[in-house]
Amino acid sequence: MQDRMSDGRPIRGPKDLAHLRVAPSGMCWWCQARPATTGEHKFKRADLTRLMADGEPLLWGDGDGNTREIRGRSGVTRDRYGVVKFPKSLCEPCNNKRSKPFDNAYDIYSEYVDRTWLRIMPGIDFQQVFGADWEARTLNLARYYGKHFGCRMVRAGFPIPDSLREFLDGATDMPDAHMGLITTDSIHARYKGGLSISPDFVEADRNLTRLKRYVLAAYIGSIGVRYEWREEGFTERSQFFHYPRPVINCFKDEIAVCEGRTRRPGWFASLLQWANRPSS
Ligand SMILES: [Zn+2]
2 MQDRMSDGRP
12 IRGPKDLAHL
22 RVAPSGMCWW
32 CQARPATTGE
42 HKFKRADLTR
52 LMADGEPLLW
62 GDGDGNTREI
72 RGRSGVTRDR
82 YGVVKFPKSL
92 CEPCNNKRSK
102 PFDNAYDIYS
112 EYVDRTWLRI
122 MPGIDFQQVF
132 GADWEARTLN
142 LARYYGKHFG
152 CRMVRAGFPI
162 PDSLREFLDG
172 ATDMPDAHMG
182 LITTDSIHAR
192 YKGGLSISPD
202 FVEADRNLTR
212 LKRYVLAAYI
222 GSIGVRYEWR
232 EEGFTERSQF
242 FHYPRPVINC
252 FKDEIAVCEG
262 RTRRPGWFAS
272 LLQWANRPSS
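Position in the sequence shown (first residue = 1) + 1 = this note's numbering.
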């Protein structure tokens, strides 16, 4: 594992940044009005059971450096490792009723990603995934990931950007955040058809007085969604959820994902019409 970014800056451990972490308030991070009584699943049960249906053990990683292998359905239903759910950070209505359309869009998408060999494809065709209703459902898919990333921010002690709450409330963009589709070679080598989430990456200012940037990713197999928040915002951004056929950006490893350093794709871009570029 590398411990430096490509520009030579050290990657600091959680201890160095501990003083910048915010303690959980006990309230739901989305509505901020009701107590946090439920924990979001790190991996949806439908994903876990579907991916195990062929009898192979399922390998998944939870971003804390833990890699687990689960054999058989009982491993999922019993949550024997106690690591399938995030700590409680949402109220029951937000975690269930309010986010139901997000969960529904994700279920359709994850089933599609699981049965489609996307690593060799330049992008994902959301009209094929969702049909005529692709615009609303792709936004809801992005909001599913937004909810997932928000729960991870609470767990890691990162303040939740207001733009994330507003996005879940129905806004159609986030001025200080970027979401893109990705595929990562090291994740492919390690998890193949499994599920994994990246380490939570955070960047502070030089004097470690405040957080300036977060990068989080979550994968189905090697196909992921990457979220980046920047304190100063993005002047130019290209959100995957605004395009019918957004590209899948290719990365070598998780350091490259943190840095936003893409590798050349294996396909011939000039032959294709895929829109949407990584942020610059
Ligand atoms: Zn709530």
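Beta carbons: idealized from backbone N, C-alpha and C, even for Gly.
In this text the structure is predicted, and so the values were computed from the model without any measurement.
From R156, T184, R35, pick the residue whose C-alpha is nearest to that of K253; which is it?
-> Your numbering for residue 253 matches position 252 in the sequence shown. When only C-alpha atoms are compared, the closest one is T184.
Should R166 be counted as a contact of ligand 1 given a C-beta to heavy atom distance under 7 Å?
-> Within the sequence shown, the letter at position 165 stands for residue 166. Answer for R166: no, Cβ out of range of ligand 1.
What are the boundary residues of the beta strand (DSSP E) that includes E229?
-> As a first step, residue 229 must be located in the sequence shown, where it is residue number 228. Residues 224-231.
Nearest residue (CA-CA) to D48, options M28, D104, W30 = As a working mapping, residue 48 is identified with position 47 in the sequence shown. It is D104 whose Cα lies nearest to the Cα of D48.
Pair within 8 Å by beta-carbon distance, T1 and F150 | Outside the displayed range of the chain (2 to 281) lies residue 1, so it cannot be described from this structure.
For V23, is the classification buried or exposed, using 16 other Cβ atoms within 10 angstroms of its Cβ as the cut-off for buried?
-> In the sequence shown, counting from the first residue as 1, residue 23 sits at position 22. V23 comes out exposed.
Closest residue to S111 among G234, K45, R214 (Cα-Cα distance) | Counting from 1 along the sequence shown, the entry for residue 111 is found at position 110. Selected option, being the one with the closest Cα: K45.
Would you mind stating whether R153 and S223 have Cβ atoms separated by less than 8 Å?
-> As a working note, residue 153 is residue 152 in the sequence shown. As a working note, residue 223 is residue 222 in the sequence shown. Going by C-beta atoms, R153 is not nearer than 8 Å to S223.
What number of angstroms, rounded off, separates the C-alpha of N208 from the C-alpha of L18?
-> Reading the sequence shown from its first residue, position 207 is the one you call residue 208. Reading the sequence shown from its first residue, position 17 is the one you call residue 18. Those two C-alpha atoms are separated by around 11 Å.
Which partner residues does P36 have in the DSSP bridge list?
-> If you number the sequence shown from 1, residue 36 lands on position 35. P36 pairs with M28.
7 Å CB neighbourhood of S281 in its chain, flanking five on each side removed | The count along the sequence shown starts at 1 and reaches residue 281 at position 280. Reliability fails at S281, whose pLDDT of 37 lies under 50, so the model's placement of it is uncertain and no value is given.
So, using beta-carbon positions, are N96 and T39 closer together than 8 Å?
-> On the sequence shown, residue 96 is found 95 positions in, with the first residue counted as 1. On the sequence shown, residue 39 is found 38 positions in, with the first residue counted as 1. Contact: yes.
For A218, does the three-state DSSP call read helix, strand or coil?
-> Position 217 of the sequence shown, counting from 1, holds the residue named residue 218. Correct three-state label for A218: strand.
Quick one: what's got a C-beta closer than 7 Å to E93's C-beta in the same chain, skipping five residues either side?
-> Locating residue 93 in the sequence shown gives position 92, counting from the first residue. Closer than 7 Å at the Cβ level, and outside the excluded window around E93, lie T38, T39.
Quick one: does the C-beta of W31 sit closer than 7 Å to a heavy atom of ligand 1?
-> Reading the sequence shown from its first residue, position 30 is the one you call residue 31. True, at least one ligand heavy atom lies under 7 Å from that Cβ.
Return the CA-CA distance between F127 and R191, expressed in angstroms with no decimal places.
-> Within the sequence shown, residue 127 is the residue found at index 126, counting from 1. Within the sequence shown, residue 191 is the residue found at index 190, counting from 1. Roughly 27 Å separates the two Cα atoms.
Cβ-Cβ distance between R227 and M180 below 8 Å | Looking up residue 227 in the sequence shown gives position 226. Looking up residue 180 in the sequence shown gives position 179. A contact, by the Cβ cut-off of 8 Å.
Residues near E232 in its chain [Cβ-Cβ closer than 6 Å; skip 5 each side] = Walking along the sequence shown from the start, residue 232 turns up at place 231. Counting only Cβ-Cβ distances below 6 Å, and skipping sequence neighbours, we find K213.
Any non-hydrogen atom of ligand 1 closer than 7 Å to C92 Cβ = Counted from its first residue, the sequence shown places residue 92 at position 91. It does: the Cβ of C92 is within 7 Å (strictly closer) of some heavy atom of ligand 1.
According to DSSP, residues forming a beta bridge with N208 = Reading the sequence shown from its first residue, position 207 is the one you call residue 208. N208 is not bridged to any residue.
Ranges of the beta strand (DSSP E) found wholly within the stretch 133-204, counting only runs of at least 3 | 178-185, 196-198
CA nearest to the CA of L21, picked from E204, R264, G234 = Numbered from 1 along the sequence shown, position 20 holds the residue referred to as residue 21. With distances taken between Cα atoms, L21 lies closest to E204.
Going by the CB atoms, is the gap between A218 and V258 shorter than 8 Å?
-> Here residue 258 corresponds to residue number 257 of the sequence shown, with the count starting at 1. Here residue 218 corresponds to residue number 217 of the sequence shown, with the count starting at 1. For V258 and A218, yes; Cβs fall inside 8 Å.
Look at the alpha carbon of E229 and the alpha carbon of L169, and state the distance between them as a whole number of angstroms.
-> Working through the sequence shown from its first residue, we reach residue 229 at position 228. Working through the sequence shown from its first residue, we reach residue 169 at position 168. In a straight line, the C-alpha of E229 is about 16 Å away from that of L169.
Pick helix, strand or coil for C251, following the three-state DSSP scheme.
-> As a working mapping, residue 251 is identified with position 250 in the sequence shown. Three-state result, C251: strand.
With DSSP collapsed to three states, give me the class of L21.
-> Locating residue 21 in the sequence shown gives position 20, where the first residue counts as 1. L21: helix per DSSP, three-state reduction.
To which residues of the same chain is P162 closer than 7 Å at the C-beta, ignoring the five residues directly before and after it?
-> Against the sequence shown, residue 162 aligns to sequence position 161. Taken in chain order, the residues that qualify are D177, A178, W230.
Evaluate D201 with the Cβ neighbour count: other Cβ atoms within 10 Å of its Cβ, from every protein chain shown; 16 or more gives buried, anything less gives exposed.
-> Here residue 201 is taken as the residue at index 200 of the sequence shown, counted from 1. Buried: at least 16 other Cβ atoms inside 10 Å.
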